[in-house]
Amino acid sequence: EAGVAQSPRYKIIEKRQSVAFWCNPISGHATLYWYQQILGQGPKLLIQFQNNGVVDDSQLPKDRFSAERLKGVDSTLKIQPAKLEDSAVYLCASSSGRGMGRETQYFGPGTRLLVL
Amino acid sequence: KQEVTQIPAALSVPEGENLVLNCSFTDSAIYNLQWFRQDPGKGLTSLLLIQSSQREQTSGRLNASLDKSSGRSTLYIAASQPGDSATYLCAVKGSSWGKLQFGAGTQVVVTP
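Chains as they are written, first to last, in this note's numbering: chain A, -1 to 114; chain B, 8 to 119.
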């Protein structure tokens, strides 16, 4: 079974530029998550999708971050414009969505973003 | 607001020694607690999940305990090996639909 795929793996941009990350979840997984992990901290949930609907985006800085999951499969997270404090690893995860909150989340390898 | 703390931030042990990793949380009204492992440059891997009604979970050399009333969980790794070197994170969920709240993790190095 293929895991969660993410691209690119690394990205370096200058502040005020825009950047996009892509995630392809495990086939058949209804729930998709985007996390931000700043160095030395645990991951923080940015947005959670159930199929192509948003379940939780309470911690997404909506003035600069946006995410979509068209057709309920793969997803894109965008930052526009980027700030220095956006430097972090962006992790995508997926789960079956059928475990009543007990199901395992499977994580991708992440995209490491450096904003200069 | 739930706060999850993991102390120490880093730990080094010789091979063969048992590892004890601590996790504390401020709000005891949790739905479940999970332990994850993170290797450098890789995503997280789920190790153990304990529902709020359970006291412990075991998988091979790993055992996790949960004491909701005191807001604590402990992950025990028996007979540590160099391959156990990684960062271990705990995360709590407040409800079945809630988000995972992560601690900052404990970085473990097992020396041969």
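Ideal Cβ placement from N, Cα and C applies to all residues, glycine included.
All of these numbers come straight from a predicted model, not from anything done at the bench.
{"Item": "Mind reading off the beta-carbon distance from lysine 76 of chain A to serine 16 of chain A? Whole number of angstroms is fine, and I expect it under 8 Å.", "Value": "7 Å"}
{"Item": "Specify, as a first and last residue, the run of the beta strand (DSSP E) that glycine 1 of chain A falls within.", "Value": "Premise fails: glycine 1 of chain A is in no beta strand (DSSP E) and is neither H nor E."}
{"Item": "Any C-beta of chain A within less than 9 Å: which residues of the region 90 to 106 of chain B qualify?", "Value": "Leu96, Cys97, Ala98, Lys100, Ser102, Ser103, Trp104, Gly105 and Lys106"}
{"Item": "Look up glycine 90 of chain B in the DSSP assignment and say whether it is helix, strand or coil.", "Value": "helix"}
{"Item": "Determine, using beta-carbon pairs with one atom in the region 26 to 35 of chain A and one in the region 63 to 81 of chain A, whether at least three such pairs fall under 8 Å.", "Value": "yes"}
{"Item": "Between A:Pro79, A:Leu58 and A:Ser93, which has its C-alpha nearest alanine 28 of chain A's C-alpha?", "Value": "A:Ser93"}
{"Item": "So, for serine 53 of chain B: in the same chain, excluding its five sequence neighbours on each side, which residues have a beta-carbon less than 7 Å away from its beta-carbon?", "Value": "Gln41 and Phe43"}
{"Item": "Using a Cβ-Cβ cutoff of less than 7 Å, which residues in the same chain neighbour glutamate 22 of chain B once the five nearest sequence positions on both sides are dropped?", "Value": "Ser87, Gln88, Pro89, Val117, Thr118 and Pro119"}
{"Item": "Does valine 49 of chain B have its Cβ less than 8 Å from a Cβ in chain A?", "Value": "A small fix is needed here, since residue 49 of chain B is lysine in this sequence, not valine. Yes, because at least one Cβ of chain A sits closer than 8 Å to the Cβ of lysine 49 of chain B."}
{"Item": "Does the CB of threonine 74 of chain A have a neighbour CB from chain B at under 8 Å?", "Value": "no"}
{"Item": "Spell out whether any CB of chain B is found under 8 Å from the CB atom of glutamine 54 of chain A.", "Value": "Checking the sequence shown, residue 54 of chain A turns out to be aspartate, not glutamine. So yes, aspartate 54 of chain A belongs to the interface."}
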